[in-house]
Amino acid sequence: MIKKNDHKKAWIALMIAVAVLVLVGALDNLPHVPSMLLTVLQKGAIYALVAVSMNLLNGFTGLFSLGQAGFMLLGAYTYAVLTVPVERQASVYQRYEEGGLGFSVTQSLGNSMGQFGLLLGVVICLILAGCVAGFFAWLIGLPVLKLKSDYLAIATLGFAEIIRAVVQYEKLGPVTNGSNLLYGFTGFTDFHLGSLKLTTVMPFLFSGLCIFVVVLLINSTYGRAFKAIRDDEVAAEAMGINLAKHKRMSFIISSFFAGISGALLAMFQASVQAVAFKAAMTYEILLIVVIGGIGSITGSAIASFLFVGCSEWGLRFLDNETTLKNFDAKVKFAVIFGVLIAAVVAFGLLSMKRKGEKLITRAAQGRPAVRWGAVLGLAVAAIALLWDVWFVISPRLKLPLLRSGFRMVVFSVVIMIMVLFFREGIMGDKELWDLGKKKRSAKAKAGVGNE
Amino acid sequence: MSENVLRVENATMQFGGVVAVDNLNLEINKGEIVSLIGPNGAGKTTAFNVITGVYAPSNGRVEFCGETIVRNHPQGKMKKLYKGQNPEMYTAAFRVQAENAETKDALEETEKERDSAAFTDKVLAPTPDVITKLGMARTFQNIRLWKSQTVFDNILIAKHLRRTSGLFSATFRLNRREEAAQRADVERLLEIVGLSEAKDELATSLPYGKQRRLEIARALATEPKLLLLDEPAAGMNPQETNDLTEFIGRIRSDLGLTVFLIEHHMDLVMDISDRIYVLDFGGLIAKGTPAEIQNNQRVIDAYLGVAEDA
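If you're matching them up, the sequences are chains X and F in order.
In the working numbering, each number is its position in the first sequence, counted from 1, plus 34.
Once you know that position 266 of the second sequence is 258 in the working numbering, the rest is easy, because the numbers rise by one and skip nothing.
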């Protein structure tokens, strides 16, 4: 009975996966699809994998690690070094005599077996990229995993920075090309099926497969042990779960997939440079994990597309200094801004009303209790509206605040608001497929209550 | 003579300058229900933690099913601070001294002591999980269930340590048979503790008494030989306590378990215990059958206090 149900679920999942791949493939090949959309989809798929790998560690095993960028860098460099075509190695490694490996995995396999060989080569290199990251995770895991929470975060963050410095070390130049770009290696654009482009399909395929493996892992007996460690370490150990072994396992697996996603990112960008893998990258991934919900795979995936969509596309305008064209445009802007503020205020007041909270609670005796947080929020909204009116009246056309870097400020504000008010994130620790279940059981309970 | 399951020898646990457990000696035989009682702060839970490997004792030895699982002697800082007894007994120096003893008297004396100390070079368990694997499972005084997991999963996770499948086969579902066997076993345990109906509920949404039962079921899932219960009846009403008494008796007879428990409910303790150990200020003040303990003056004094000038 249970088995049949499982088979049905597996079929549904497979159908959805195929449907998504076909849809993405269609977007790849149809005319007039904005290239920005494809970029967002590709990068979103890759970031989804990193976020899931970070979630495996932070959300499912309860180890707060900030080393993700370091492991991505290891993966990206492993992949790039292995796949730079032989004839381009001279120009890529121009600062180093006899730089480069002298062979390229994807090139040799691709030449002998065509597209299939190329795919095989990429898969081999991706796995190697993951293994290198995993090996380093094992190495630093030996001392570092003995640390608890914040100390672990600091140690892993430090490790990521060290890796970044080591890769740029001059003496390693013949392999890593020092602090210079690595480019020219096999990327997503090299994949096609006949005349069909597969540029966006490939990251979806790779990332989807990896995430699928993580989901399988999390629902296996080992995944359950990870969750037990997260919930209560003492109880987990008392029930015979070897803490050191399982923490190391989770750390290595998480890093393995971070390495793969680093390699995918390299393929997406078509170039790698160590400078890009800063703590800011880990911060972005952390943002995705928090927004998606710590302990939710689907949450991480959704949030990753949302985040990449916003940062690459939707909120780009925040980084550009903008001057409005004329008075009409200004009025339009002011109206939209005012409506937005009003909507936020209305939403806040409504949710307060639903919870039965009041701005000022009159006590029978003594001073009335005031909700200063809500009052402050109202005050800020009032000031924003006043500024809106003033902006319309004033002769200025240039929008304030908008300049390079403001986007990150907005993101930081978003994460602060999330952490303060919506700690659960989009999904909490639920998965998409749990949502139906929850409602059903709630309904069942209500039904029992009515009887 | 029945088979010895647990033997604690000269166990002393000292935190800084505080001796929490002082030279504790106890043994438990197969199939017995043994209680450890004593006033608050007597060191009962610390004794449990020493036995299950949460703390390494400052001095002493713990033997489980005939094998030494923990042995320690005061070392490092503790060497100076140590206030307990027999600080030399478990050091290598003691053994050498015992072997070199020349006079007949000294030889006899040291041999006697050596036999009681029973040196073995193998110490099996550095961490609690290894001890659990050997067959000793426990519950906690303040319930420690995995909060975000369902009742079913709480028990299923405890079956993890008996797995034979590796990471790879578990991830890619090549262990279906084992998984199915585990799940069937969990169903059986749920049946035994009477929680089958609540199996899909969150562990924390259960009422208190049922959470305690779930914790026992979780401990049973590790397939123990010896079950340690830390105040299983804490916070239970008389009815629930009666049920629990019956339940503990049943798991002993049905599953052939040995049970060692800490408890404050004297009705329960006197009802089901074969033997009782009484701790006060870390030290053992009495041991014996329930009837003996009830009439022991030192125990009565420890619980009721002694008038200064009496």
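Just so it is clear, CB atoms sit at the ideal spot from N, CA and C, and this is done for glycine as well.
Contact check, Glu223(F) vs Glu255(F), beta carbons under 9 Å: At the C-beta level, Glu223(F) and Glu255(F) come within 9 Å of one another.
Does DSSP classify Lys18(F) as helix, strand or coil? Reading off the sequence shown, one finds Leu at residue 18(F), where the question assumed Lys. Reduced to three states, the DSSP call for Leu18(F) is strand.
Could you confirm whether any beta carbon from chain F is found closer than 9 Å to the beta carbon of Arg198(X)? no
Starting from Ser288(X), follow its DSSP beta bridges and name the residues at the other end. Note: Ser288(X) sits in no beta bridge, so no partner.
If we ignore side chains and look at the alpha-carbon of each, how far apart do Arg63(F) and Arg53(F) end up? Arg63(F) and Arg53(F) have their C-alpha atoms roughly 4 Å apart.
Beta-ladder partner(s) of Val0(F), from DSSP: Leu18(F) and Val54(F)
Taking the straight line between their C-alpha atoms, what separation do you get for Ala110(F) and Arg(-1)(F)? Since pLDDT at Ala110(F) reaches only 48, below the 50 mark, its modelled position is unreliable, and the value read off the structure follows with that caveat. So the two alpha carbons sit approximately 11 Å from each other.
Helix, strand or coil: how does DSSP classify Gln6(F) here? strand
Have a look at Gly168(X), Gly459(X), Arg405(X) and Leu55(X) and flag the residue whose alpha-carbon is nearest the alpha-carbon of Gly390(X). Arg405(X)
Among residues of its own chain, excluding the 5 on either side of Ala194(X), which ones have a beta-carbon nearer than 6 Å to its beta-carbon? Gly101, Ala103 and Gly104
From the beta carbon of Ile275(X), is the nearest beta carbon of chain F less than 9 Å away? yes
At the 9 Å Cβ level, is Pro120(F) part of the contact set with chain X, yes or no? yes
Asp222(F) bridges to which residues according to DSSP? Ile254(F)
What is the DSSP secondary structure of Asp463(X), reduced to helix, strand or coil? coil
Can you list, in chain order, the residues of its chain with a C-beta nearer than 6 Å to that of Val291(F)? Leave out the 5 residues immediately preceding and following it. Non-local C-beta neighbours of Val291(F) in its own chain, meaning closer than 6 Å and more than five positions away in sequence, comprise Val270, Ala278 and Ile285, ordered along the chain.
Please confirm if Ser188(F) has its CB atom under 9 Å from at least one CB of chain X. no
Helix, strand or coil for Leu276(F)? Go by DSSP, reduced to three states. strand
Against Asp145(F), what residues of chain X qualify as contacts under a CB-to-CB distance less than 7 Å, listed in chain order? Arg258
In whole angstroms, what separates the C-alpha of Phe40(F) from that of Ala211(F)? 15 Å
Compare the beta carbon distance of Ser288(X) and Ser99(X) with 9 Å and say whether it is the shorter of the two. yes
Does the CB of Arg169(F) have a neighbour CB from chain X at under 9 Å? For Arg169(F), the nearest beta carbon of chain X is not closer than 9 Å to its own beta carbon.
Check the Cβ-Cβ distances between Leu251(X) and every residue of chain F, and say whether any is below 9 Å. Output row for Leu251(X): interface = yes.
Please identify the residue among Pro31(F), Asn287(F), Pro79(F) and Glu1(F) whose C-alpha is closest to the C-alpha of Glu59(F). Glu1(F)
Span separating the alpha-carbon of Glu80(F) from that of His65(F): 7 Å
Minimum Cβ-Cβ distance from Lys125(F) to chain X less than 9 Å: yes
Where do the ends of the alpha helix (DSSP H) carrying Glu271(X) lie? Segment Glu267 to Ala272, the alpha helix (DSSP H) holding Glu271(X).
Please report how far the alpha carbon of Ser229(X) lies from the alpha carbon of Val139(X), in whole angstroms. 24 Å
Compute the Euclidean distance between the alpha carbons of Ile149(F) and Tyr217(X), then round it to the nearest angstrom. 47 Å
Quick one: residues in its chain with C-beta nearer than 7 Å to the C-beta of Phe260(X), no 5 flanking neighbours on either side, listed in chain order? Around Phe260(X): Phe94, Thr95, His280 and Ser284.
Counting pairs of Cβ atoms below 8 Å between the stretch 117 to 127 of chain F and the stretch 260 to 280 of chain X, do you hit three or more? yes
Looking only at its chain, what residues have a beta carbon closer than 7 Å to the beta carbon of Leu431(X), apart from the 5 residues adjacent to it on each side? Thr357, Leu358 and Lys364
Using three-state DSSP, classify Lys125(F) as helix, strand or coil. helix
Using the three-state DSSP reduction, which class does Ala48(F) fall into: helix, strand or coil? coil
Inspect the beta-carbon positions of Met84(X) and Ile322(X) and report whether they are closer than 9 Å. The sequence as given places Val at residue 84(X); Met does not occur at that position. Closer than 9 Å, so yes.
From Ser108(F) to Val(-3)(F), what does the alpha carbon distance come to, in whole angstroms? Because the pLDDT at Ser108(F) is just 49, under 50, the model does not fix this residue reliably, and the value given afterwards should be weighed accordingly. So the alpha carbons of these two residues sit roughly 16 Å apart.
Between Tyr81(X) and Phe238(X), what straight-line distance do the alpha-carbon atoms span, to the nearest angstrom? 11 Å
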